[in-house]
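Heads up: the sequence shown begins at 10 in my numbering, then just goes up one per residue. Glycine included, each C-beta is placed from N, C-alpha and C at the ideal position.
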Amino acid sequence: MKKSILPFLLCIILGFACQDNNDPASACGVNDPVENIPWLKQLAENSANESSDGYSYIAQAKFNGKRVFYLGSCCPFCNWSLRLLDCEGNLMSDEVIFEDLEDTEIIWKPDNSQCSFD
């Protein structure tokens, strides 16, 4: 009986050890990317001060297994393109569409946000 329980317990332990970590701390190694990544904090502050601030937001996602960020807009009359930034704030040159992104999460929006993410 003991011999049959041991492999079962080992499988359970390994199963919990292999779970994906969806904690925001995995975003470039910080707990709060908007507060702890200087260029991202500046991007949020600049967006909050623009006249169209109610329509902007910052999101993080995974692209090709790497954490990326983008400044988005929910403005119904505006055109904007999806441009990804890496953890250092460098513009990534790949042409990307939303379907290429995984685990997208809104990490900042202004207090007067007009965006609905439901």
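Asked	Found
Take every Cβ of the segment 37-48, pair it with every Cβ of the segment 99-114, and state whether three or more of those distances are shorter than 8 Å.	no
What residue range is occupied by the uninterrupted alpha helix (DSSP H) comprising residue 51?	47-58
Quick one, which of 36, 82, 87 has its alpha-carbon nearest residue 69's?	36
When you compare only the Cα positions, how much space is there between residue 34 and residue 42?	With a pLDDT of 45 at residue 34, under the threshold of 50, the modelled position of this residue cannot be trusted; read the value that follows with caution. Approximately 8 Å, taken between the alpha carbons.
DSSP three-state call for residue 78: helix, strand or coil?	strand
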